[in-house]
Amino acid sequence: MNLFRLAGDMSHLFSIVLILLKIYTSKSCAGLSMKTQELYTLVFVTRYLDLFYSYVSLYNTVMKLIFLASSFGILWYMRYHKQVKQTYDREQDTFRHYILVVPCAVLALIVNNELSVTEVLWTFSIYLEAVAILPQLVLLQRTKNVDNLTGQYIFFLGAYRALYILNWIYRYWTEPKYRQYLVWAAGLVQTGLYADFFYYYLKSWQAGEKLRLP
Amino acid sequence: SPSSEGKDEL
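Protein chains in written order, with the numbering used here: chain A, 1 to 214; chain B, 1001 to 1010.
Pasting the structure below:
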């Protein structure tokens, strides 16, 4: 494992820690899209089914379990925690799951490395991860209000993708057998969407709306 | 198999 990959994973992990910290300390999930969190949970569940049939390393197994547990934890807070659930922007967070899930499922059935259940589910998770941020992007555009931790959450999620691209470039040159065109294409799309997200984040930052935590 | 390549990422 190279340093770009490790830094990318740590950035991904840190973004999740930030979101849990935000929810736990402020007892609020204002500005967070439950739709995006649900889609990420679906991404982790469909991708990490391989926990049952393949083993790569202790590191991978532990990280997969952390990602699964934390995504369910975030959803639990947003849905069931007495105080937190009241701060959820239900009226604004109206993005429909199927708009993303159905096209990703169809694409995974058509464009994949192997037409098997596990492979199609894995490919579906790759495609869905690329676009799962969209409900959050729409919510941010609507509310035009982003606090520090939400902004940092997005920053570290974007950094995770950017670092993974560096990791792929590194692996392209150092591992002749490593060629993951589907993953790379989806990763580029995903990073592009985060660039857009950053643009909206900076715009609201410039407008000086709700940026400092009390 | 080609499908197992790259599955070492998260």
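Just so it is clear, CB atoms sit at the ideal spot from N, CA and C, and this is done for glycine as well.
Once DSSP output is grouped into helix, strand and coil, what is the label at residue i?
| i | result |
| --- | --- |
| Ile154 (chain A) | helix |
| Ala207 (chain A) | coil |
| Met1 (chain A) | coil |
| Val189 (chain A) | helix |
| His81 (chain A) | coil |
| Asn60 (chain A) | helix |
| Pro214 (chain A) | Low per-residue confidence applies at Pro214 (chain A): pLDDT is 25, beneath 50, and the placement is therefore not dependable, though the value from the model is reported in the following sentence. Pro214 (chain A) falls in the coil class under three-state DSSP. |
| Arg142 (chain A) | helix |
| Leu51 (chain A) | helix |
| Gly8 (chain A) | helix |
| Glu114 (chain A) | coil |
Sorted by chain position, which residues of the same chain lie with C-beta nearer than 6 angstroms to residue i's C-beta, five sequence neighbours on each side aside?
| i | result |
| --- | --- |
| Leu107 (chain A) | Tyr127 |
| Gln152 (chain A) | Leu18 |
Can you tell which of the options has its C-alpha closest to the C-alpha of residue i?
| i | options | result |
| --- | --- | --- |
| Ser33 (chain A) | A:Thr150, A:Asn167, A:Gly158 and A:Ala195 | A:Thr150 |
| Val111 (chain A) | A:Val102, A:Leu100 and A:Phe124 | A:Phe124 |
| Ala4 (chain A) | A:Gly158, A:Thr94 and A:Asn167 | Ala is not the amino acid found at residue 4 (chain A); the sequence shown has Phe there. When each option's Cα is compared against that of Phe4 (chain A), the closest is A:Asn167. |
I'd like to know whether the C-beta atoms of residue i and residue j end up nearer to each other than 9 angstroms.
| i | j | result |
| --- | --- | --- |
| Ile16 (chain A) | Ile74 (chain A) | yes |
| Gln190 (chain A) | Ile99 (chain A) | no |
| Lys1007 (chain B) | Asp50 (chain A) | yes |
| Gly31 (chain A) | Leu139 (chain A) | yes |
| Phe156 (chain A) | Phe14 (chain A) | yes |
Report the neighbours of residue i on chain B: residues whose CB is nearer than 8 angstroms to its CB, in chain order.
| i | result |
| --- | --- |
| Val56 (chain A) | Lys1007 and Asp1008 |
| Asn148 (chain A) | What Asn148 (chain A) touches in chain B: nothing, since even the nearest Cβ is about 26 angstroms away. |
| Arg161 (chain A) | Residues of chain B passing the Cβ test: none, with the nearest at roughly 12 angstroms. |
| Arg5 (chain A) | Glu1009 |
Given that residue i touches chain B, what residues does it touch there, using C-beta distances under 9 angstroms?
| i | result |
| --- | --- |
| Met63 (chain A) | Leu1010 |
Please work out which residues of its chain come closer than 8 angstroms, Cβ to Cβ, to residue i, disregarding the five sequence neighbours upstream and downstream, and give them in chain order.
| i | result |
| --- | --- |
| Leu121 (chain A) | Thr46, Arg47, Leu49 and Ala108 |
Would residue i count as contacting chain D if we go by Cβ distances under 9 angstroms?
| i | result |
| --- | --- |
| Asn2 (chain A) | No chain D appears in this structure, whose protein chains are A and B. |
Can you give me the Cβ contacts of residue i inside the same chain, cut-off strictly under 7 angstroms, excluding the 5 residues immediately before and after it?
| i | result |
| --- | --- |
| Lys64 (chain A) | Tyr48 and Leu51 |
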